[in-house]
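Note that full-length UniProt numbering numbers the sequence shown so that position 363 is 363, with each residue one more than the last.
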Amino acid sequence: MQLWGKARSIAVRTARAALLSASFAALAACGGVVPSPSGQRPPVSPPPRPTPAPSSSLPQPQNALLLGVRAGPAITSLPMTGDDAAGALSAFRESCARLTTRADGSGLTRPADWRQACTAAANWGQGAPSAFFASYFETARVGDGRAYATGYYEPEIAGSRNAVPGYSYPVYGLPRDLVRARPGDAAPLKDGRMPLGRYGPDGRFTAYFDREEITNGALAGQGLEIAWVADPVEFFFLQVQGSGRLVSPDGTVTRIGYAGQNGQAYTGIGGLMRERGLVGSGPGQYSGSMQGIMQYIREHPVEGRALMNENRSWVFFKVLEGDGPLGALNVPVRAGSSVAADPRFVPLGAPVWLDLDRREASGLWVAQDTGGAIKGANRFDTFWGAGQRARTIAGGMSGRGSALVLLPRGTLSRLGVR
1 MQLWGKARSI AVRTARAALL SASFAALAAC GGVVPSPSGQ RPPVSPPPRP
51 TPAPSSSLPQ PQNALLLGVR AGPAITSLPM TGDDAAGALS AFRESCARLT
101 TRADGSGLTR PADWRQACTA AANWGQGAPS AFFASYFETA RVGDGRAYAT
151 GYYEPEIAGS RNAVPGYSYP VYGLPRDLVR ARPGDAAPLK DGRMPLGRYG
201 PDGRFTAYFD REEITNGALA GQGLEIAWVA DPVEFFFLQV QGSGRLVSPD
251 GTVTRIGYAG QNGQAYTGIG GLMRERGLVG SGPGQYSGSM QGIMQYIREH
301 PVEGRALMNE NRSWVFFKVL EGDGPLGALN VPVRAGSSVA ADPRFVPLGA
351 PVWLDLDRRE ASGLWVAQDT GGAIKGANRF DTFWGAGQRA RTIAGGMSGR
401 GSALVLLPRG TLSRLGVR
């Protein structure tokens, strides 16, 4: 099923904080590490199947300012539609409370830079939304501007808040013994933080239980269960997304979101299948989409269970209340308007223009989320909402093209960029 021009009709029910992102690129490519508790999540249709994101053997500068920024074209030259701009304006408004108060890891903006645009957004009446962006923003190209975008969505699976017949797989909340190592007890991570793990009875710090250990009952009996699900395979993919909706037998819906992760490295099982010759169009091969991976797991339950366990990462959840799942900015992510990005290269809350070889994902987005596999400049994960249509679009999303970040007018001049 193909949607042309960013599908605003998809419901605003979304996905994944701190992980989430994740995103199916983590499955179909080779994945990185699951998102951190900053707010997320981490997609699903036959061809075109997602392809690995561009990579480089050379280390990339640590933020956009160090990588290099160039002035882009005038906003009035972009083929922005009214619906597209309206959705982005609404999402931008919701981001403003955080934009004007939080530090920008990209090095491009300061909280004060956003105040004029945010004040205008709050009071923007019936004027054309595209005129708002043309009036208060300028475009910038980060690095070479070559973009790669995947998709994510909010899964709906059978689940119950209580353990009832047919719902026997636990959804765990954050364990109390999952902590960061004290300085001196373990080597720091590359980002300078101490690793996640647990302290044993002897007081020594050790890695936390991995997926196989947790699946086999390492956390049973601790009262950590916040819900139960019917299908462990569907739940595995919900963990990749980082959030989702549990639909009980009586139709009650419970939304769950990312609460934390066990500190184990994320491994994309789609990448493992590809390495082993299981992905393709030949005999005995499967589509690289989420559906294809699921099909393999269900047709080979023993091997499939072992494959899932090779992703040692486990996501813990919390019950979400209110309007939709929250992204890394702690505001709801919106279908067709919210995109996950690497905050080192895109200010979270900033509008982003994508011009891709996938028309349904081309247009104006707002960076409101992050993802474990969404790393590097011009790497994006587009959010499509909930339901089968969202699942289909997100799972098949693999778009390449160019990206522009929209910054408050005057930013480039302050940075000395021409």
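Glycine included, each C-beta is placed from N, C-alpha and C at the ideal position.
Fair warning: this is a prediction, and the values are worked out from it, not measured in the lab.
Residue burial classification, residue i (beta-carbon count within 10 angstroms, cutoff 16)
| i | result |
| --- | --- |
| L412 | buried |
| Q261 | buried |
| T392 | buried |
| V352 | buried |
| R298 | exposed |
| D342 | buried |
| L404 | buried |
| S160 | buried |
| R245 | buried |
| T76 | exposed |
| V142 | buried |
| E303 | exposed |
| V34 | In this prediction, V34 has a pLDDT of 32, which is less than 50 and means its spatial position is unreliable; what the coordinates show is noted afterwards. Buried, by the Cβ-count rule. |
| E94 | buried |
| R211 | buried |
| S106 | buried |
| L406 | buried |
| A335 | buried |
| S281 | exposed |
| V164 | exposed |
Closest by C-alpha distance to residue i, when choosing among the options
| i | options | result |
| --- | --- | --- |
| S168 | V142, D231, A373 | D231 |
| K190 | A340, R255, Q62 | Q62 |
| A122 | A103, A91, G242 | A91 |
| P332 | I75, L174, T370, S313 | T370 |
| R359 | Y136, S402, S313 | S402 |
| Y258 | G125, G304, Y172, G145 | Y172 |
| N162 | G304, D355, L224, A140 | L224 |
| A386 | P155, A140, R98 | P155 |
| R98 | N378, G327, G399, V339 | G327 |
| S338 | S362, P195, G221, V417 | S362 |
| L356 | F383, G166, R146 | R146 |
| Y152 | N330, G166, F345, G372 | G372 |
| A220 | A377, G203, L174, S243 | L174 |
| N309 | R70, I214, G349 | I214 |
| Q222 | A140, P170, T139 | P170 |
| A340 | K318, F317, A377 | A377 |
Neighbourhood of residue i by C-beta distance below 7 Å, restricted to the same chain and skipping five residues each side
| i | result |
| --- | --- |
| residue 444 | Because the chain is modelled from 1 through 418, residue 444 falls outside the range shown and cannot be assessed. |
| L78 | W353 |
| W4 | With a pLDDT of only 34 at W4, under the threshold of 50, the placement of this residue in the model should not be trusted; the figure read from the coordinates follows. Closer than 7 Å at the Cβ level, and outside the excluded window around W4, lie R359, E360. |
Proximity below 8 Å, CB of residue i to CB of residue j
| i | j | result |
| --- | --- | --- |
| A149 | D381 | yes |
| A117 | P408 | yes |
| I157 | E234 | yes |
| W314 | Q241 | no |
| I293 | G271 | no |
| F205 | G197 | yes |
| F137 | A120 | no |
| L108 | L65 | yes |
| P195 | A218 | no |
| R70 | V417 | yes |
Neighbourhood of residue i by C-beta, 6 Å cutoff - its chain only, sequence neighbours within 5 removed
| i | result |
| --- | --- |
| L307 | I269 |
| A207 | G197 |
| D104 | P347 |
| C96 | C118 |
| Q239 | V315 |
Own chain, CB closer than 8 Å to residue i, minus 5 neighbours either side, in chain order
| i | result |
| --- | --- |
| G82 | A128, P129, S130 |
| G277 | Q285 |
Touch check for the stretch 380–394 and the stretch 109–120: three-plus C-beta pairs under 8 Å?
The stretch 380–394 vs the stretch 109–120: no contact.
Check whether the stretch 285–293 touches the stretch 173–190, taking contact to mean three or more Cβ pairs, one atom from each stretch, closer than 8 Å.
no
* Using 8 Å as the Cβ pair cut-off and three pairs as the minimum, do the stretch 312–326 and the stretch 250–257 touch? -> Because the criterion of three Cβ pairs below 8 Å is met, the stretch 312–326 and the stretch 250–257 touch.
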